[in-house]
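Residue numbers (numbering that gives the first Met the number 0), protein chains in the order written: chain Y, 0 to 144; chain A, 0 to 329. Shown next, in structure tokens, is the structure this report addresses.
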Amino acid sequence: MTALIREKEKNVAQAAYQPRIVGFLCNWCSYAGADKAGTAQIAYPANLQIIRVMCSGRVEPQFVLQAFKQGADGVLILACHPGDCHYKEGNLRAAQRHTLLLRVLEQLGIKRSRCRFDHVSAVEGEKFVRIIQEMVDELNNKKGE
Amino acid sequence: MADKPKLAMYWAASCGGCEIAVVNLHEKILDLDAAFDFFFCPCLLDTKISTIEALPDQEIAVTFFNGAIRTAENEEMARLLRRKSRLLIAFGTCATEGSIPGLANLSTREELLRTVYLDNPTIDNPEGILPLPSSEVAGGTLQLPVFYDRVLPLKQVVTVDYFIPGCPPEAHQIWNVVAAVAAGQPLPPPGSTLGAGQLSVCHECSRRKGEKKIARFYRTSEITPEPDICLLEQGLLCMGIATRDGCGAPCPQANMPCSGCYGPPAGVADQGAAMIAALGSILDPGDCRGKSEAEIAGQLAALLDTIPDYAGTFYKYSLAGSILGGRVKS
Ligand code: SF4
């Protein structure tokens, strides 16, 4: 009986776990992409807290660390595709910073899967939804490990 | 004697370099002695802790507290000196940011104890004895201060009035602060940094700065840098761009890249993050035209592979005081 109850409690605890993801979305492409998902009424997990920034290049590594410190399970940085940056190369810089940041995060005990960088254009509402779903799934799997 | 204001200096988790820096005041140390009753400094003087405990609260005019908080004893002394001092100054980067002792925060307490007492090749400890806060021996109970899980900067344990960064602080900057306090000059608002600038080491560095693009990193032993050009532009990982000025940039002027000992510049919460931001913008992974995203990522990875230790380089002096404070439990 107690084993059953424990099993049930475990299931409840697992069901209650919802990864919290902080998303930094660039104003010109990715935020518009998220909007596109909204206007097309595509359902997506409610795990993402979106912060709109003017450019992915504005996302200082400090912001990412602060998000993790305040309890984020994942941080997502979405940028324009290479060549599409409103400020020419902010997205390229953001990508390079992210690569370097991942290496430091690993030493600080934060796995790569918890900090993702990707490109979403203003028309890629579906891609936006797919990325969030993938990240939520991955974080859920990781939690079980 | 008794009418001179009292000056104390204490070391917690530190190396003793801060005391050497004070001695480096050379003949000015006589002026310091003329202005203050320099009565407590375990490295140089034989005053007992009981003497401090017997003082009325706030009796000490200024305490320079160097070293980070590693053990319960460090914290106990920080609290005692806070109570007895009118001005408690975090002196040196161990006290302000954790500095080199703070790098221990990349490992857990258990990993540290295991390495030091069990696993090191030179250890001979067949019974696997580890230090304990309290242990019974034939003659009675032996006590040791508790070894904390993490190294903490001083401000995380007590209220700190001012911060003097540097590993160690430069003697001329120490003197500036001592002279200002001795003369009763008005000090900046509590919580300010003294004896340092607001900007970055590049501001004081006389090397010529051009457009920065780094296509390859070098260790200091691999190249002899050009004497007048910014070291970072030559591929040496100079932390000057993410480090507070005030030292006078002696290292880059001696062909050695800045290693970051004055901690983050004013307004920067995390020195490592600032360095990642700066470096990320100037990396040059080579010609990317016509290459796939995977190929570009590979080129960038190859460039980054030449940096030997990311956290150890970017957070060499400021890990304990950084946003995450060290390795987190995943
Ligand atoms: S050598 Fe270092 S301190 Fe000097 S300008 Fe270059 S990065 Fe800055």
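Idealized CB from N, CA, C, for every residue including glycine. The structure presented is a predicted model; accordingly, all values stated were derived computationally and were not measured.
ask   = Given that a residue counts as buried once 16 or more other Cβ atoms are within 10 Å of its Cβ, and exposed if not, what is V61/A?
value = buried
query = Buried or exposed: which applies to H118/Y, given that a residue is buried once 16 or more other Cβ atoms fall within 10 Å of its Cβ?
reply = buried
request  = Please specify which runs of the alpha helix (DSSP H), each continuous and at least 4 residues long, are wholly inside the stretch 233 to 266 of chain A, giving them in chain order.
outcome  = 249 to 252
task = Check whether the Cβ of I322/A lies closer than 8 Å to any Cβ atom in chain Y.
result = yes
ask   = If you pair each beta-carbon of the stretch 60 to 79 of chain Y with each one of the stretch 236 to 255 of chain A, do three or more pairs fall below 8 Å?
value = no
message = I need the straight-line Cα distance from A89/A to D34/Y, nearest angstrom please.
response = 49 Å
query = So what's F162/A in DSSP terms, helix, strand or just coil?
reply = strand
task = Decide if H85/Y is buried, meaning its Cβ has at least 16 other Cβ atoms within 10 Å, or exposed.
result = exposed
query = Considering only C-alpha positions, which residue in the set I48/A, R108/A, A178/A is nearest to F35/A?
reply = A178/A
Spatial neighbours of D227/A in its chain, beta-carbon cut-off 7 Å, leaving aside the 5 residues before and after = R206, R207
key: 8 Å Cβ cut-off: residues of chain Y touching I275/A   = P60, R96, L99, L100, V103
Three CB pairs or more closer than 8 Å across the stretch 98 to 106 of chain A and the stretch 171 to 189 of chain A = no
ask   = Any beta-carbon of chain Y closer than 8 Å to the one on K328/A?
value = yes
Rounded separation between A248/A and N124/A - CA only = 45 Å
inquiry  = Using CA atoms only, rank isn't needed, just tell me which of M53/Y, R129/Y, N140/Y is closest to F146/Y.
reply    = A question about residue 146/Y goes unanswered here, because the residues of chain Y that appear run from 0 up to 144.
inquiry  = Less than 7 Å between C-beta atoms, sequence neighbours within five positions excluded: which residues of the same chain meet that for E58/A?
reply    = K5, K83
Nearest-angstrom Cα separation, counted from L112/A out to L91/Y = 43 Å
ask   = Residue ranges of each alpha helix (DSSP H) run of no fewer than 4 residues wholly in the stretch 7 to 83 of chain Y, ordered along the chain?
value = 29 to 38, 60 to 68
query = Given that a residue counts as buried once 16 or more other Cβ atoms are within 10 Å of its Cβ, and exposed if not, what is P168/A?
reply = buried
inquiry  = According to DSSP, is S280/A part of a helix, a strand, or is it coil?
reply    = helix
request  = Along the alpha helix (DSSP H) that carries K27/A, what are the first and last residues, could you check?
outcome  = 27 to 34
message = Check for me: the beta strand (DSSP E) holding Y147/A runs from which residue to which?
response = 146 to 151
ask   = Taking DSSP as the reference, what is the three-state secondary structure of R102/Y?
value = helix
key: Beta bridge counterpart(s) of T70/A as assigned by DSSP   = F146/A
request  = List the endpoints of the continuous beta strand (DSSP E) containing F216/A.
outcome  = Run containing F216/A: none; DSSP gives neither H nor E here.
ask   = For H97/Y, which three-state DSSP category applies?
value = helix
ask   = In the DSSP assignment, what are the bridge partners of D2/A?
value = In DSSP, D2/A forms no bridge with anything.
ask   = Smallest Cα separation from G311/A: which of L104/Y, E133/Y, A121/Y?
value = L104/Y
key: Status (buried if at least 16 other CB within 10 Å, exposed otherwise) for A301/A   = exposed
request  = With distances taken Cα to Cα, identify the nearest neighbour of S133/A among E126/A, I122/A, V145/A.
outcome  = V145/A
key: Whole-Å CB distance - L24/A paired with A170/A, under 8 Å assumed   = 5 Å
message = Residues of chain A with CB closer than 8 Å to the CB of R92/Y, please, in chain order.
response = G279, S280
key: Same chain only: Cβ atoms within 8 Å of G15/A, ignoring 5 sequence neighbours per side   = C42
ask   = Hey, is A268/A's beta-carbon within less than 8 Å of any beta-carbon in chain Y?
value = yes
ask   = Going by the beta-carbon positions, is the gap between A12/A and V150/A smaller than 8 Å?
value = yes
key: Identity of the residues DSSP links to M8/A by a beta bridge   = F63/A
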